[in-house]
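In my numbering, the protein residues as written are 1 to 486.
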């Protein structure tokens, strides 16, 4: 969607006007543009208290005797002391989604009364995110009218910030598109093909390891998890490398293209949405896409560890003992705790590259979703400086992360196996911490490391804010913000 700046002496015609308002806001209409009788209409609405600015309220007022404005939309932000840039982002995205679905092609966005950090970047983000919907497999009826909004008009703007916001949003949408695809469309081999295409388009280095290469490289975790499927596993390694890089950062993504649970098969209601178990890997692809366009002076690697976890006669089994790339052995006591196994190989490989930091993203544990709900992801990190940088990026992006415990001697005890170095699943309680502690065994302790458990936040059944139904690609904008602020 285009974002443009209102030209001097421009004559507005047949537009919608969208105004976000806090409770108690006074005059919000600028004096330097002609909006006909809109000022008197707005005063009348407020005097009758038809609209008070209450948080979550939206009022549409059709305008019939105004040559400039067809529709006025008011969005309530709530009390001024509770409003921040993240609430503005979500509210405006909701408002634009409504405007676009009600047959408006152009909207004048009036936000001059709001003074929050990063609004121009937010305008860029919502110009893309508000219109996104995954509907490619729906048959459209004859009277189907799609989202019609084509242009957002601003009174003032910083084009570079808007373009940055657009890159963030398009990267997130790219990840959403992939994560929303069903397992019959995307398997590890197909995801590798998609990654190669992205690399060719964005001038990234790409290396793909097939099952033979995985075996020769001692990637026992990926091979075990993928052993029950007709679709073989893949490891995908993308690299963005500027001429003079100040740092090297590696993102690792869990890419289980469908998770049946393996021989420890999931109940039917838990198997739904397991196409989304590849979200971590899809997010890493989205991040690499964004980095290729933003061009930071940071070397960035994306490692995707991809397999399909299926039950069959060749599937890995409880009691199996497998060897991970770094030489440590793992006793399998639950084949549905598979994500940590594919990540273990990838984290071992990432450590060998000696980066400044490793960040993994994974829909890893239901325990994290139980602990934090569906609107906050878990962040497990020992290093305070790395934690602070990620949480600051999270605050700017509006993607909420909560720092979780990364050390627990009692849970650490449950990692021990009688027959191997580690076991892959522990007791019910503290499951997210167990998984984070398990993964830390495959990262060089001298390297700064963060684990993002995005289970729960990866998929939404209802629209809200910038999120449409389906995959959210939660964390993509946070990671891009982190990179750009190093």
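In this text, a Cβ means the ideal position worked out from N, Cα and C, and glycines have one as well. Predicted, not measured: the structure shown is a model, and the values here were computed from it.
What is the DSSP secondary structure of residue i, counted as helix, strand or coil?
{"i": "residue 75", "result": "strand"}
{"i": "residue 209", "result": "strand"}
{"i": "residue 94", "result": "helix"}
{"i": "residue 254", "result": "strand"}
{"i": "residue 238", "result": "strand"}
{"i": "residue 401", "result": "strand"}
{"i": "residue 410", "result": "helix"}
{"i": "residue 107", "result": "strand"}
{"i": "residue 325", "result": "coil"}
{"i": "residue 389", "result": "helix"}
{"i": "residue 188", "result": "helix"}
{"i": "residue 515", "result": "Lying before the first or after the last residue shown, residue 515 is absent from the chain, which here runs from 1 to 486."}
{"i": "residue 113", "result": "coil"}
{"i": "residue 123", "result": "helix"}
{"i": "residue 128", "result": "helix"}
{"i": "residue 415", "result": "coil"}
{"i": "residue 158", "result": "coil"}
{"i": "residue 438", "result": "helix"}
{"i": "residue 28", "result": "coil"}
{"i": "residue 263", "result": "coil"}
Measuring straight from C-alpha to C-alpha, what distance separates residue i and residue j?
{"i": "residue 461", "j": "residue 391", "result": "26 Å"}
{"i": "residue 68", "j": "residue 448", "result": "56 Å"}
{"i": "residue 132", "j": "residue 27", "result": "33 Å"}
{"i": "residue 364", "j": "residue 103", "result": "41 Å"}
{"i": "residue 201", "j": "residue 421", "result": "43 Å"}
{"i": "residue 173", "j": "residue 109", "result": "23 Å"}
{"i": "residue 526", "j": "residue 32", "result": "Residue 526 falls outside the range modelled here, since the chain spans only 1 to 486, and no answer is possible."}
{"i": "residue 8", "j": "residue 50", "result": "33 Å"}
{"i": "residue 406", "j": "residue 380", "result": "6 Å"}
{"i": "residue 342", "j": "residue 58", "result": "46 Å"}
{"i": "residue 56", "j": "residue 77", "result": "7 Å"}
{"i": "residue 281", "j": "residue 206", "result": "14 Å"}
{"i": "residue 119", "j": "residue 87", "result": "11 Å"}
{"i": "residue 4", "j": "residue 96", "result": "15 Å"}
{"i": "residue 237", "j": "residue 309", "result": "21 Å"}
{"i": "residue 18", "j": "residue 12", "result": "14 Å"}
{"i": "residue 198", "j": "residue 105", "result": "32 Å"}
{"i": "residue 423", "j": "residue 316", "result": "14 Å"}
{"i": "residue 345", "j": "residue 82", "result": "44 Å"}
{"i": "residue 216", "j": "residue 439", "result": "22 Å"}
{"i": "residue 211", "j": "residue 226", "result": "9 Å"}
{"i": "residue 248", "j": "residue 318", "result": "38 Å"}
Check whether the Cβ atoms of residue i and residue j sit closer than 8 Å, and answer yes or no.
{"i": "residue 426", "j": "residue 367", "result": "no"}
{"i": "residue 482", "j": "residue 389", "result": "yes"}
{"i": "residue 480", "j": "residue 168", "result": "yes"}
{"i": "residue 188", "j": "residue 257", "result": "yes"}
{"i": "residue 148", "j": "residue 100", "result": "yes"}
{"i": "residue 124", "j": "residue 191", "result": "no"}
{"i": "residue 242", "j": "residue 299", "result": "yes"}
{"i": "residue 235", "j": "residue 466", "result": "no"}
{"i": "residue 283", "j": "residue 404", "result": "no"}
{"i": "residue 61", "j": "residue 45", "result": "yes"}
{"i": "residue 89", "j": "residue 126", "result": "yes"}
{"i": "residue 250", "j": "residue 386", "result": "no"}
{"i": "residue 182", "j": "residue 260", "result": "no"}
{"i": "residue 419", "j": "residue 332", "result": "no"}
{"i": "residue 252", "j": "residue 372", "result": "no"}
{"i": "residue 374", "j": "residue 456", "result": "yes"}
{"i": "residue 264", "j": "residue 334", "result": "yes"}
Strictly by DSSP, which residues pair up with residue i?
{"i": "residue 82", "result": "In DSSP, residue 82 forms no bridge with anything."}
{"i": "residue 144", "result": "Answer is none; residue 144 lacks a bridge partner."}
{"i": "residue 4", "result": "153"}
{"i": "residue 306", "result": "234, 255"}
{"i": "residue 19", "result": "74"}
{"i": "residue 361", "result": "253, 452"}
{"i": "residue 374", "result": "BP columns for residue 374 are empty, so no partner."}
{"i": "residue 471", "result": "459"}
{"i": "residue 248", "result": "299"}
{"i": "residue 423", "result": "331"}
{"i": "residue 62", "result": "71"}
{"i": "residue 464", "result": "467"}
{"i": "residue 380", "result": "404, 451"}
Let me see if you follow: with CB-CB separation under 8 Å, is residue i close to chain C or not?
{"i": "residue 90", "result": "No chain C is part of this structure, which consists of one protein chain only."}
Determine contact between the stretch 68-79 and the stretch 33-43, defined as no fewer than three beta-carbon pairs at a distance below 8 Å. Three or more Cβ pairs closer than 8 Å define a contact, and the stretch 68-79 meets that threshold against the stretch 33-43.
Give a yes or no on contact between the stretch 466-477 and the stretch 392-403, applying the rule of three or more CB pairs nearer than 8 Å. yes
Is it a yes or a no for the stretch 438-456 touching the stretch 149-163, going by three-plus beta-carbon pairs under 8 Å? At 8 Å Cβ cutoff, the stretches do not touch.
Decide yes or no for the touch test of the stretch 305-312 against the stretch 213-226: beta carbon pairs closer than 8 Å, at least 3 of them. yes
Between the stretch 317-330 and the stretch 266-282, can you find at least three pairs of beta-carbon atoms closer than 8 Å? no
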